[in-house]
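J.: Got a structure here, written out as structure tokens. Questions coming.
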Amino acid sequence: KTTFRNQYLGPFIGHEMNRCITCYRCVRYYQDYAGGKDLGAFGSRDRVFFGRAEAGLLENEFAGNLVEVCPTGVFTDKTLSKQYTRKWDLQSSPTVCPSCSLGCNTYTSERYGELRRVHNRYHNEINGYFLCDRGRFGAQHVNSDQRIPQAGIRNAEGKYDAIPLDEALAKIKSLLRESTIGIGSPRASLEANEALRQLVGAENYANGMTDTEQAMSAVILDVLQSQIETPSMMEVESYDAILVVGEDITNHAPRLALSVRQAVRNLGQQLAGETGIADWHDAAVRELTQHDLSPLILLTPMADRLDDVASQIFRLAPDDIISLTEQVTSALNSEAPSHAQEIATTLSQAKRPLIISGTSLNSPNILKAAANLALALQTKNPETGIFLCASEVNSLGVALIDNSNSSEALLKRNADVVVVLENDLATRFGADVLHQVNTLIAIDHLDNATVSESQVVLPAATFAESEGTFVNNEGRLQRSLAVFKPSGDVAPAYQLLSTINDQAQSAEALQQLCAEQHPVLTAIVTCAPKQDYRVEGSRIARMTHRASGRTAMLADVSVHEPKQPVDTESPMAFTMEGNQQQAPASLRPYTWSPGWNSNQSIHKFQSEVGGPDKTEVSGSKVFSNSNPLTPFELTPEQSRNLIGQSHIFGSDPVSNEAAEISMLIPGHYARMNQDTASSLGVDHRDGILFEDIEMTVLIDNEVAEQCVIYPMLPGMAHIADQTLSDLKRIDNFTAPADPLRPAIITSDRTS
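The sequence shown runs 152 to 902 under my numbering.
Take a look at the structure:
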């Protein structure tokens, strides 16, 4: 019998090599599809081993999909194995990933009030068959020790006393004034934001974004309403020339990077068609294509994870990115500098050119310049598309509710009472803003600086414990459903807010109110079936028909299984009783078909491989792309040489609380090229002071001239307002091992 020693592959993926049947699906996905380099097939005589050359963290951001790609369980989900549950005993619901603006569809599963795993939920227009690792493993924040379990009120000593929820709600009612301000959140649902707006009044509500974020959201909304084609993430794969304008796709909108990697292979498909090779014959197409790829041009200030498939790379400061993009726009109709002319020629010759940009550099002008270029290209080629990435899961949703009231202006009123919904003001606006408020009321599910400074705290449910509707970056309304009922006093934020307002409104009532108040959001009522929807008179079962429900987990409380709660917010049931197989896509809680006992049965629900679901397209588009778009006028912006770089693990304060992701958060670094370092009088691994934060200098000649890159981590947003002259060298500095990779892990016992 041939046996293998399992390999350590990081905190996300387990390895059970003795289950392998040598199907090669793992390396075909990892290398050919996801672009990974560190996982391969190693053979010696009659032994074939699938793993890394040496134990260590899998480096690709889409490695978690190996769990679903492998048919036998060689690659397993460590977050599930940590407290293992048989998958047929899991309770699941259709959810929307809260980790970025793309709105990927997921199945989220729990057991006894603990989130156990997240699986990909196929959507032919958004995430397709795959997820990024932040979306798959970041949801473990639901189980974080930083969860707020019950209401609290600050006592005279400045400490919190835990009090019953009813008392906390009564206390808040007594504190409210006509001038009470409500600060919403782009990571909270439309229902919760609308409930807050109803509580404080339209004039006292702001959507919780900075002024710059609001300006960027306004540009994206204008583009989405225009006649320029705004493709879905899956449609991105059909474009044959792509220009990325100032957006770090892999770190800021990770799943999009996987689509871009497929788009650059379109040249191979074109050559195969001309040669008579069938599209499905992947090996022959790759052999024919060799290393030839469709054009991918990157305009970024630092090294990018897509550099390996890019045809042209320009390392530029934000102002220079805007300038070059404007030159390319001009070059479409007249002579321009050589680089701009070359890019313009590439885009003009493409059958379907695509412009990608986003908010990662925090510059409205970058978005405007990208939109102007797409508009100019469209006049020559109607097939031109533009894809703009927003900042958070509901940035566009809250912008549609209200994008005129400024959160910063409202907070500067020195308001007497401020109600903050799932938003850390210190991270977004700086710690000083907390001292401008007399009475702070926080509604959140995780502890943070704002919660710690508030007078009253209410425990809000996470995305896995409440229903909610979100608008993704392409303007698609999508419903996310609760996986399980929260415990104790924890409740959905919209329920807490409507109770304070003496309304006690359900999610469905708030959806109807939202449609009435904001006509652009009318589809919120129809984007998923209502609460009274039934299949042959039955609810949709969240649990499988195999669920036993008989365990001893709660035997210390009672020898009887607790009665399952009744779901009054959706057509689904918290039991195994009901109809699952005939559920529409937006209500299907897991993938299962008779004879197929895994996620591999997904094709049973499709009209064709890669095609739409047989029942419906989940979600509804807000806009119809009908308005003419006039070129944007660029407005003066502060020139920035200190550039915050998003990190797929570390830049999202919510997923950072997932135990496994917290191991991969980078340390504090300042990356710059050698010339910039020399001008600042520092060298590699010296220390440099950013106001009050110590950074390790890293020489990286891929960084644009006179730019310094720092990690965009919670609590570091204020650094962007500084200049290079504000940076101070630290004498006698001891540098950490490697700030970019703080967790080079070689086994489960070391980090």
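Glycine included, C-beta positions come from ideal geometry on N, C-alpha and C. Remember, predicted model here, so these are calculated numbers, not experimental data.
In the structure shown, what three-state DSSP assignment does Lys636 receive?
T.: Along the sequence shown, one-based indexing puts residue 636 at 485. Correct three-state label for Lys636: coil.
J.: According to DSSP, is Asn402 part of a helix, a strand, or is it coil?
T.: Residue 402 sits at position 251 when you count from the first residue of the sequence shown. Helix at Asn402.
J.: Give me the residue from Thr246, Thr259 and Ala204 with the minimum Cα distance to Leu231.
T.: The residue you call residue 231 lines up with position 80 of the sequence shown. Residue Thr259 is the option with its Cα nearest to Leu231.
J.: Would you call the region 872–881 and the region 785–793 touching, i.e. three or more CB-CB distances under 8 Å?
T.: Short answer: they touch.
J.: Roughly how many whole angstroms lie between the Cα atoms of Ala666 and Gln656?
T.: On the sequence shown, position 515 is the one that residue 666 refers to. On the sequence shown, position 505 is the one that residue 656 refers to. Spanning the two alpha carbons is a distance of roughly 15 Å.
J.: Taking DSSP as the reference, what is the three-state secondary structure of Arg900?
T.: Residue 900 sits at position 749 when you count from the first residue of the sequence shown. For Arg900, the pLDDT reaches just 49, beneath the cut-off of 50, and the residue's location in the model is therefore unreliable, leaving the point undetermined.
J.: Going residue by residue through the region 476–534, where are the continuous beta strand (DSSP E) segments of at least 3 residues, counting only ones entirely within it?
T.: Fully enclosed beta strand (DSSP E) runs of 3 or longer: 504–509.
J.: Excluding sequence positions up to five away, which residues of its chain have a Cβ less than 6 Å from the Cβ of Glu276?
T.: Indexing the sequence shown from 1 puts residue 276 at position 125. Correct list, in chain order: Ser383 and Met385.
J.: Output yes or no for whether 8 Å exceeds the beta carbon distance between Arg693 and Pro740.
T.: Taking the first residue of the sequence shown as 1, we reach residue 693 at position 542. Taking the first residue of the sequence shown as 1, we reach residue 740 at position 589. Closer than 8 Å, so yes.
J.: Taking 8 Å as the threshold (C-beta atoms), are Ala487 and Pro446 in contact?
T.: Start at 1 with the first residue of the sequence shown, and residue 446 comes out as number 295. Start at 1 with the first residue of the sequence shown, and residue 487 comes out as number 336. Against a cut-off of 8 Å, the Cβ pair of Ala487 and Pro446 comes out as no contact.
J.: In or out: Glu425 buried (at least 16 other Cβ within 10 Å) or exposed?
T.: Reading the sequence shown from its first residue, position 274 is the one you call residue 425. Its Cβ having fewer than 16 others within 10 Å, Glu425 is exposed.
J.: Nearest to Cys171 by CA position, among Phe155, Leu831 and Tyr263, is which residue?
T.: By one-based count along the sequence shown, residue 171 stands at place 20. It is Phe155 whose Cα lies nearest to the Cα of Cys171.
J.: Which term fits Gly761, buried or exposed, when burial requires 16 or more other beta carbons within 10 angstroms of its beta carbon?
T.: Locating residue 761 in the sequence shown gives position 610, where the first residue counts as 1. That one is exposed.
J.: Give the secondary structure of Phe288 by DSSP, where H, G and I count as helix, E and B as strand, and everything else as coil.
T.: As a working note, residue 288 is residue 137 in the sequence shown. Phe288 falls in the helix class under three-state DSSP.
J.: For Arg627, which residues of its own chain have a beta-carbon under 6 Å away from its beta-carbon, when the five flanking residues on both sides are left out?
T.: Within the sequence shown, numbered from 1, the residue matching residue 627 stands at position 476. Result list for Arg627: Gly770 and Lys772, in chain order.
J.: Which residue wins for smallest C-alpha separation from Arg416, given the options Leu394, His442 and Lys531?
T.: Looking up residue 416 in the sequence shown gives position 265. The residue with the shortest Cα to Cα distance from Arg416 is His442.
J.: What residues are listed by DSSP as bridge partners for Lys233?
T.: Here the question's residue 233 lines up with position 82 in the sequence shown. Lys233 pairs with nothing; no bridge assigned.
J.: Which term fits Thr613, buried or exposed, when burial requires 16 or more other beta carbons within 10 angstroms of its beta carbon?
T.: Start at 1 with the first residue of the sequence shown, and residue 613 comes out as number 462. Classification of Thr613: buried, given that the 10 Å Cβ count is 16 or more.
J.: Figure out for me which residue from Thr153, Lys188 and Lys229 has the closest Cα to the Cα of Ser195.
T.: Locating residue 195 in the sequence shown gives position 44, where the first residue counts as 1. Nearest of Thr153, Lys188 and Lys229 to Ser195, Cα basis: Thr153.
J.: Please identify the residue among Leu160, Gly688 and Glu261 whose C-alpha is closest to the C-alpha of Val218.
T.: Within the sequence shown, residue 218 is the residue found at index 67, counting from 1. The candidate whose alpha carbon is nearest that of Val218 is Leu160.
J.: So the beta strand (DSSP E) Phe200 belongs to, where does it begin and stop?
T.: Mapped onto the sequence shown, residue 200 falls at position 49. Looking at the DSSP string, the run of the beta strand (DSSP E) that includes Phe200 is Arg198 to Gly202.
J.: Does DSSP put Lys772 in a helix, a strand or coil?
T.: What you label residue 772 is simply residue 621 of the sequence shown in a count that begins at 1. Of the three classes helix, strand and coil, the one that applies to Lys772 here is strand, per DSSP.
J.: Here's the rule: buried if 16 or more other CB atoms are within 10 angstroms of the residue's CB, otherwise exposed. What is Gln731?
T.: Along the sequence shown, read from residue 1 onward, the residue named residue 731 stands at position 580. Buried, by the Cβ-count rule.
J.: Looking at Gln715: is its Cβ nearer than 8 Å to the Cβ of Thr726?
T.: Here residue 715 refers to the residue found at position 564 when the sequence shown is read from its first residue. Here residue 726 refers to the residue found at position 575 when the sequence shown is read from its first residue. Contact: yes.
J.: Tell me whether Cys283 counts as near the ligand ATP, meaning its Cβ is closer than 7 Å to at least one heavy atom of that ligand.
T.: Ligands in the displayed structure: none, and consequently the ligand ATP is not present.
J.: Quick one: does Glu364 have its CB under 8 Å from some CB of chain D?
T.: Chain labels in this structure do not include chain D; a single protein chain is all it has.
J.: Could you have a look at Phe163 and say whether DSSP puts it in helix, strand or coil?
T.: Along the sequence shown, read from residue 1 onward, the residue named residue 163 stands at position 12. Reduced to three states, the DSSP call for Phe163 is coil.
J.: Mind the definition here: the region 241–261 touches the region 619–637 only if three or more C-beta pairs lie below 8 Å; say whether that holds.
T.: Yes: at least three Cβ pairs fall under 8 Å.
J.: Helix, strand or coil for Asp296 per DSSP?
T.: For the purposes of this step, residue 296 is taken as residue 145 along the sequence shown, with counting starting at 1. Reduced to three states, the DSSP call for Asp296 is coil.
J.: Whose C-alpha, out of Val854, Asp228 and Ile839, is nearest the C-alpha of Lys879?
T.: Taking the first residue of the sequence shown as position 1, residue 879 is located at position 728. Cα-wise, what sits closest to Lys879 is Ile839.
J.: May I ask you to report which of helix, strand or coil DSSP gives Leu457?
T.: To locate residue 457, count along the sequence shown from 1; it is residue 306. DSSP places Leu457 in coil when its eight states are reduced to three.
J.: Decide if Lys519 is buried, meaning its Cβ has at least 16 other Cβ atoms within 10 Å, or exposed.
T.: Locating residue 519 in the sequence shown gives position 368, counting from the first residue. So Lys519 ends up on the buried side.
J.: Could you give the uninterrupted runs of the alpha helix (DSSP H) lying entirely in the region 380–446, keeping only those of 4 residues or more?
T.: Those alpha helix (DSSP H) runs which fall completely within the region 380–446 and span 4+ residues are 400–403, 405–414, 417–426 and 433–440.
J.: The beta strand (DSSP E) that contains Ile314, what's its start and end?
T.: As a first step, residue 314 is located in the sequence shown; it is residue number 163 there, counting from the start. Run containing Ile314: none; DSSP gives neither H nor E here.
J.: Please list the segments of the beta strand (DSSP E) lying wholly inside the region 543–596, counting only runs of 3 or more residues, in order along the chain.
T.: Correct list: 568–572 and 590–595.
J.: Can Ala736 and Thr695 be called in contact, C-beta distance under 8 Å?
T.: Here residue 736 is taken as the residue at index 585 of the sequence shown, counted from 1. Here residue 695 is taken as the residue at index 544 of the sequence shown, counted from 1. For Ala736 and Thr695, no; Cβs fall outside 8 Å.
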